[in-house]
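Shown next, in structure tokens, is the structure this report addresses.
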Ligand code: ADP
């Protein structure tokens with residue numbers, strides 16, 4: 257197996273770290289905090305054939321892999337975007353295993369200065385992969401520094417200062433940069449354009465999550481009924497990482513409270529104990545909807561105001577809480593802010609206000625001048 261090197265640990269984002277601690281004991285939903293969880297690593301697919309769901313993405317990557325192998329050239333630079341836990345890191349690892357090349361992992365937040373990225377660039381082997389997680393957090397100076405790397409496999413190093421300064425071009429081996437982001441909109445267009453493939457990862461269908469849960473239950477040597485796998489899949493917010501975390505909790509519950517086998521009743525009891533409801537929403541999701549509806553009268557309101565009221569970081573709100581609520585249409589985003597939909601009121605068991613909040617989408621003026 258090809259070597260995997262972590263050149264710089266993921267620098268924890270203080271605010272998000274705090275949010276995670278506040279949620280401790282509940283669910284791991286955010287990016288894996290370093291060091292990586294060994295059980296999660298065991299569950300991670302290693303080969304393209306083990307990838308479940310995301311068929312269109314997997315097929316395009318299979319073409320890119322086959323072409324790179326036949327031409328004897330590195331893979332093109334690839335950008336993955338999508339909410340946390342959908343498989344961006346997994347795909348990068350799979351590509352490195354399929355090609356049998358070296359993989360180095362780093363994060364945009366860890367690369368403060370140009371010199372932070374230099375060790376990899378100068379040591380990169382021909383055809384190797386550099387995975388940059390949270391690439392939207394690269395400082396502009398570092399981003400501009402890697403443009404010539406991505407285009408021509410060279411770096412421009414300035415030696416000396418002022419009048420005596422000279423630029424030398426340092427040729428590099430040809431390698432691949434794989435970027436991952438939860439916020440593709442925050443990427444500058446010059447950086448985005450330097451990626452030859454852009455792959456957007458969507459939330460998973462329950463069928464795919466049920467397969468992931470069944471495969472991973474076998475890896476964890478736990479027996480699960482198809483109905484229970486389906487139940488967990490429907491309550492995993494469309495996200496494999498959450499499905500894995502729910503499965504691990506339910507397995508522990510089944511061992512502690514029963515004979516270790518997971519059936520629907522065990523799954524339901526275990527999830528109820530973690531306050532995960534029938535839609536798979538956890539306490540934080542419900543608190544978000546409750547804050548939007550009770551404090552902000554259903555909206556529209558901005559993410560910053562919601563984050564401040566909930567004492568969460570705005571990044572946690574934007575990256576981890578909102579994407580799935582938007583996808584489920586519990587919330588809609590308008591130019592004037594977030595609005596709770598009738599489904600959100602119903603989900604919390606609250607009466608839907610007479611004026612359907614969704615109408616505000618079509619006519620925001622109605623809120624100002626009813
Ligand atoms: P991201 O980098 O997007 O935050 P990861 O790649 O770390 O997400 O995925 C989280 C976990 O979900 C992985 O460890 C793996 O077990 C599981 N996973 C992700 N995508 C898939 C997939 N397509 N098939 C099976 N398991 C997956």
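In my numbering, the protein residues as written are 257 to 626.
Positions of the beta carbon are idealized from the N, C-alpha and C atoms, including for glycine.
| said: Per DSSP, what are the beta-bridge partners of residue 588 in this structure? | reply: 595
| said: Here's the rule: buried if 16 or more other CB atoms are within 10 angstroms of the residue's CB, otherwise exposed. What is residue 456? | reply: exposed
| query | Is it buried or exposed for residue 607, if we count other Cβ within 10 angstroms and need 16 for buried? | reply | exposed
| Contact set for residue 395: own chain, Cβ-Cβ below 7 Å, skip 5 residues either direction | 368
| said: I'd like to know if the stretch 557-568 and the stretch 592-601 are in contact, where contact means that at least 3 CB-CB pairs between them fall below 8 Å. | reply: yes
| query | Going by alpha carbons, who is nearest to residue 506 out of 603, 527, 586 and 366? | reply | 527
| task | Have a look at residue 342 and residue 308 and give me their C-alpha separation to the nearest angstrom. | result | 11 Å
| query | Counting along the chain, where does the alpha helix (DSSP H) carrying residue 350 start and finish? | reply | 344-355
| query | What is the rounded straight-line gap between the Cα of residue 610 and the Cα of residue 539? | reply | 27 Å
| query | For residue 453, which residues of its own chain have a beta-carbon under 6 Å away from its beta-carbon, when the five flanking residues on both sides are left out? | reply | 332 and 334
| message | Here's a check: name, in chain order, each residue in its chain whose Cβ is nearer than 7 Å to the Cβ of residue 627, leaving out the five neighbours to either side. | response | The chain is shown only over 257 to 626; residue 627 falls outside these bounds and no answer can be derived.
| message | My assumption, with CB atoms under 8 Å, is that residue 493 sits in contact with residue 580. Please give the rounded CB distance. | response | 5 Å
| said: Per DSSP, what are the beta-bridge partners of residue 557 in this structure? | reply: 594
| task | Let me know the secondary structure DSSP gives residue 606 once reduced to three states. | result | coil
| query | Taking 8 Å as the CB-CB limit, is residue 453 close to chain B? | reply | As a matter of chain content, chain B is missing from the structure shown, which is built from one protein chain.
| said: Judging by CA-CA distance, which residue of 344, 294 and 569 is the nearest neighbour of residue 317? | reply: 344
| Buried versus exposed call for residue 511 [16 or more other C-beta atoms within 10 Å across all chains shown] | exposed
| task | Flag residue 536 as yes when its Cβ comes closer than 7 Å to any non-hydrogen atom of ligand 1, and as no otherwise. | result | no
| request: Kindly examine ligand 3 and report whether one of its heavy atoms sits closer than 7 Å to the Cβ of residue 345. | output: Among the ligands present in this structure, namely ligand 1, ligand 3 is not found.
| query | Are residue 518 and residue 481 touching if we call contact CB-CB under 8 Å? | reply | yes
| Neighbourhood of residue 427 by C-beta distance below 7 Å, restricted to the same chain and skipping five residues each side | 409 and 410
| Which residues bound the beta strand (DSSP E) around residue 415? | 410-415
| By DSSP, does residue 525 sit in helix, in strand, or in coil? | helix
| Among the residues of its own chain, which have a CB less than 7 Å from the CB of residue 310, if the five just before and after it don't count? | 343 and 457
| How about residue 443: is its Cβ closer than 7 Å to a heavy atom in ligand 1? | no
| said: Just to confirm, is the Cβ distance from residue 379 to residue 302 under 8 Å? | reply: no
| said: Measuring straight from C-alpha to C-alpha, what distance separates residue 397 and residue 329? | reply: 29 Å
| Spatially closest choice to residue 483 from 382, 466 and 300, by CA coordinates | 466
| Which residue from 599, 577, 601 and 475 puts its Cα closest to that of residue 298? | 475
| task | Pull up the DSSP beta-bridge partners for residue 476, would you. | result | BP columns for residue 476 are empty, so no partner.
| query | Is residue 462 near ligand 1, judged by its Cβ being under 7 Å from some heavy atom? | reply | no
| said: Can you tell me where the alpha helix (DSSP H) holding residue 383 begins and where it ends? | reply: Note, residue 383: premise wrong, no alpha helix (DSSP H); not H, not E.
| query | Skipping 5 residues on each side, what residues in its chain have a beta carbon closer than 8 Å to that of residue 267? | reply | At residue 267 the pLDDT is 41, less than 50, meaning the model places this residue with poor confidence and gives no usable figure here.
| field | Span separating the alpha-carbon of residue 347 from that of residue 304 | value | 8 Å
| Do the CB positions of residue 431 and residue 385 come within less than 8 Å of each other? | yes
| query | Roughly how many angstroms lie between the CA atoms of residue 296 and residue 500, to the nearest whole one? | reply | 8 Å
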